[in-house]
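Remember, our numbering sits 270 above the position in the sequence shown when you count from 1.
Think of the CB as a built atom: it goes at the ideal place given N, C-alpha and C, for glycine as much as any other residue.
Quick caveat, the model's predicted, so the values are computed rather than measured.
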Amino acid sequence: MKSKLEQIDQNIAKFMKLWGVHALRISFAIIFFWFGILKPLEVSAAIPLLKATVAWLPFIEADVWVHIIGWWEVVIGILFLFKKTTRIAIGLLFLQMGGTFMPLIFLPDVVYQNNNLFLPTMEGQYIIKNLMIISAALVVGGSFYAKDSKLS
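1) Give me whichever residues DSSP pairs with PRO390 in a beta bridge.
2) Would you check if there are 3 or more beta carbon pairs closer than 8 Å linking the stretch 296–315 to the stretch 338–348?
3) May I ask you to report which of helix, strand or coil DSSP gives MET271?
4) Counting along the chain, where does the alpha helix (DSSP H) carrying THR355 start and finish?
5) Rounding to the nearest angstrom, what Cα-Cα distance links ASN386 and THR370 in this structure?
6) How far does the alpha helix (DSSP H) with LYS321 in it reach, from first residue to last?
7) Could you check how far apart the C-beta atoms of GLY361 and PHE302 are, in whole angstroms? I think they sit under 8 Å.
8) Beta-carbon within less than 8 Å of THR323's beta-carbon, same chain only, minus the 5 sequence neighbours each way: which residues are those?
9) Within 8 Å, do at least three Cβ pairs link the stretch 325–336 to the stretch 271–283?
10) By the 10 Å Cβ neighbour count, where 16 or more other Cβ atoms means buried, how is VAL409 classified, buried or exposed?
11) Would you report the Cα separation of LEU351 and TRP304, rounded to the nearest angstrom?
12) Locate the alpha helix (DSSP H) running through SER405, then write down its first and last residues.
13) Pick helix, strand or coil for GLU331, following the three-state DSSP scheme.
Here it is in C-alpha coordinates:
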(Lines of atoms letter the chains of each structure in order from A and count residues from 1; the text may use other names and numbers.)
(Lines give C-alpha, C1' and ligand atoms only; values in the text may rest on other atoms or scores of the structure.)
Protein backbone atom coordinates (compact mmCIF):
# COMPACT_ATOMS: atom_id res chain seq x y z
CA MET A 1 0.00 0.00 0.00
CA LYS A 2 1.39 3.37 -0.99
CA SER A 3 1.68 6.18 1.48
CA LYS A 4 0.04 9.53 0.79
CA LEU A 5 3.47 11.01 0.11
CA GLU A 6 4.27 8.31 -2.47
CA GLN A 7 0.92 8.95 -4.20
CA ILE A 8 1.61 12.68 -4.35
CA ASP A 9 5.09 11.96 -5.67
CA GLN A 10 3.68 9.66 -8.37
CA ASN A 11 1.08 12.23 -9.40
CA ILE A 12 3.77 14.88 -9.72
CA ALA A 13 5.93 12.50 -11.76
CA LYS A 14 2.97 11.68 -14.06
CA PHE A 15 2.35 15.39 -14.57
CA MET A 16 6.04 15.92 -15.40
CA LYS A 17 6.03 12.99 -17.84
CA LEU A 18 2.86 14.26 -19.51
CA TRP A 19 3.98 17.90 -19.87
CA GLY A 20 7.79 17.88 -19.71
CA VAL A 21 8.58 17.36 -23.39
CA HIS A 22 5.86 19.84 -24.42
CA ALA A 23 7.32 22.40 -22.03
CA LEU A 24 10.81 21.83 -23.46
CA ARG A 25 9.56 22.28 -27.04
CA ILE A 26 7.75 25.53 -26.16
CA SER A 27 10.79 26.75 -24.22
CA PHE A 28 13.02 26.01 -27.20
CA ALA A 29 10.59 27.85 -29.48
CA ILE A 30 10.53 30.94 -27.28
CA ILE A 31 14.27 31.07 -26.60
CA PHE A 32 15.45 30.40 -30.15
CA PHE A 33 12.91 32.74 -31.76
CA TRP A 34 13.49 35.51 -29.22
CA PHE A 35 17.29 35.36 -29.10
CA GLY A 36 17.46 34.71 -32.84
CA ILE A 37 15.35 37.68 -33.93
CA LEU A 38 17.50 40.04 -31.87
CA LYS A 39 20.47 39.34 -34.15
CA PRO A 40 19.03 40.55 -37.49
CA LEU A 41 17.46 43.45 -35.61
CA GLU A 42 21.05 44.16 -34.45
CA VAL A 43 20.10 44.52 -30.79
CA SER A 44 21.48 41.25 -29.40
CA ALA A 45 24.05 41.45 -26.63
CA ALA A 46 25.68 38.38 -28.22
CA ILE A 47 26.61 40.17 -31.47
CA PRO A 48 30.17 41.20 -30.47
CA LEU A 49 30.98 37.63 -29.40
CA LEU A 50 29.38 36.24 -32.55
CA LYS A 51 31.29 38.62 -34.80
CA ALA A 52 34.58 37.81 -33.07
CA THR A 53 33.85 34.11 -33.49
CA VAL A 54 33.11 34.23 -37.23
CA ALA A 55 35.62 36.94 -38.18
CA TRP A 56 38.10 34.36 -39.55
CA LEU A 57 35.55 32.66 -41.83
CA PRO A 58 36.15 33.30 -45.54
CA PHE A 59 33.70 34.58 -48.16
CA ILE A 60 31.05 36.08 -45.87
CA GLU A 61 31.48 39.13 -43.65
CA ALA A 62 30.81 38.92 -39.92
CA ASP A 63 27.78 41.25 -40.19
CA VAL A 64 26.18 38.90 -42.71
CA TRP A 65 26.89 35.90 -40.47
CA VAL A 66 25.03 37.63 -37.64
CA HIS A 67 21.92 37.80 -39.83
CA ILE A 68 22.29 34.24 -41.13
CA ILE A 69 22.71 32.80 -37.65
CA GLY A 70 19.87 34.93 -36.27
CA TRP A 71 17.41 33.79 -38.94
CA TRP A 72 18.66 30.19 -38.51
CA GLU A 73 17.73 30.44 -34.81
CA VAL A 74 14.33 31.95 -35.65
CA VAL A 75 13.63 28.98 -37.94
CA ILE A 76 14.68 26.57 -35.18
CA GLY A 77 12.27 28.29 -32.81
CA ILE A 78 9.36 28.13 -35.24
CA LEU A 79 10.03 24.47 -36.06
CA PHE A 80 9.93 23.55 -32.35
CA LEU A 81 6.33 24.79 -32.19
CA PHE A 82 5.08 21.82 -34.20
CA LYS A 83 5.58 18.19 -33.29
CA LYS A 84 5.90 17.21 -36.96
CA THR A 85 8.84 19.58 -37.49
CA THR A 86 10.58 19.04 -34.16
CA ARG A 87 13.05 16.52 -35.61
CA ILE A 88 14.14 19.10 -38.18
CA ALA A 89 14.47 21.69 -35.40
CA ILE A 90 16.68 19.33 -33.41
CA GLY A 91 18.91 18.69 -36.43
CA LEU A 92 19.30 22.42 -37.06
CA LEU A 93 19.91 22.98 -33.34
CA PHE A 94 22.75 20.45 -33.27
CA LEU A 95 24.36 22.08 -36.32
CA GLN A 96 24.05 25.48 -34.66
CA MET A 97 25.42 24.22 -31.33
CA GLY A 98 28.70 23.23 -32.96
CA GLY A 99 29.29 26.87 -33.78
CA THR A 100 28.35 28.09 -30.33
CA PHE A 101 31.27 26.23 -28.77
CA MET A 102 33.86 27.72 -31.15
CA PRO A 103 34.75 30.65 -28.85
CA LEU A 104 35.86 28.19 -26.16
CA ILE A 105 38.67 27.22 -28.55
CA PHE A 106 39.25 30.31 -30.67
CA LEU A 107 38.60 33.09 -28.14
CA PRO A 108 40.02 31.87 -24.81
CA ASP A 109 40.83 35.43 -23.73
CA VAL A 110 37.13 36.31 -24.05
CA VAL A 111 35.57 33.22 -22.46
CA TYR A 112 38.00 32.46 -19.62
CA GLN A 113 39.29 34.73 -16.87
CA ASN A 114 43.09 34.91 -17.21
CA ASN A 115 42.86 32.02 -19.71
CA ASN A 116 41.97 29.68 -16.82
CA LEU A 117 39.61 26.93 -18.06
CA PHE A 118 38.03 26.71 -14.61
CA LEU A 119 37.13 30.41 -14.49
CA PRO A 120 34.70 31.17 -17.32
CA THR A 121 33.69 34.75 -17.94
CA MET A 122 30.01 35.64 -18.36
CA GLU A 123 30.43 34.88 -22.07
CA GLY A 124 32.02 31.54 -21.23
CA GLN A 125 29.16 30.67 -18.90
CA TYR A 126 26.67 31.67 -21.61
CA ILE A 127 28.33 29.17 -23.95
CA ILE A 128 28.85 26.35 -21.45
CA LYS A 129 25.16 26.39 -20.48
CA ASN A 130 24.48 25.16 -24.01
CA LEU A 131 25.34 21.69 -22.70
CA MET A 132 21.94 21.82 -21.00
CA ILE A 133 20.27 22.82 -24.28
CA ILE A 134 21.89 19.83 -26.00
CA SER A 135 20.76 17.53 -23.18
CA ALA A 136 17.20 18.85 -23.37
CA ALA A 137 17.20 18.34 -27.16
CA LEU A 138 18.27 14.73 -26.58
CA VAL A 139 15.31 14.26 -24.24
CA VAL A 140 12.86 15.76 -26.75
CA GLY A 141 14.30 13.73 -29.62
CA GLY A 142 14.32 10.54 -27.57
CA SER A 143 10.65 11.03 -26.70
CA PHE A 144 9.64 10.21 -30.29
CA TYR A 145 10.60 6.56 -29.95
CA ALA A 146 11.09 5.73 -26.27
CA LYS A 147 7.51 6.23 -25.04
CA ASP A 148 7.58 3.72 -22.21
CA SER A 149 11.22 2.72 -22.07
CA LYS A 150 12.45 1.23 -18.80
CA LEU A 151 15.82 2.92 -19.31
CA SER A 152 16.48 5.98 -17.20
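Reading it off the structure:
1) TYR382
2) yes
3) coil
4) Note, THR355: premise wrong, no alpha helix (DSSP H); not H, not E.
5) 19 Å
6) 317–324
7) Not a contact, Cβ separation roughly 13 Å.
8) GLY369, MET372, PRO373, PHE376, LEU377
9) no
10) exposed
11) 13 Å
12) 400–412
13) coil
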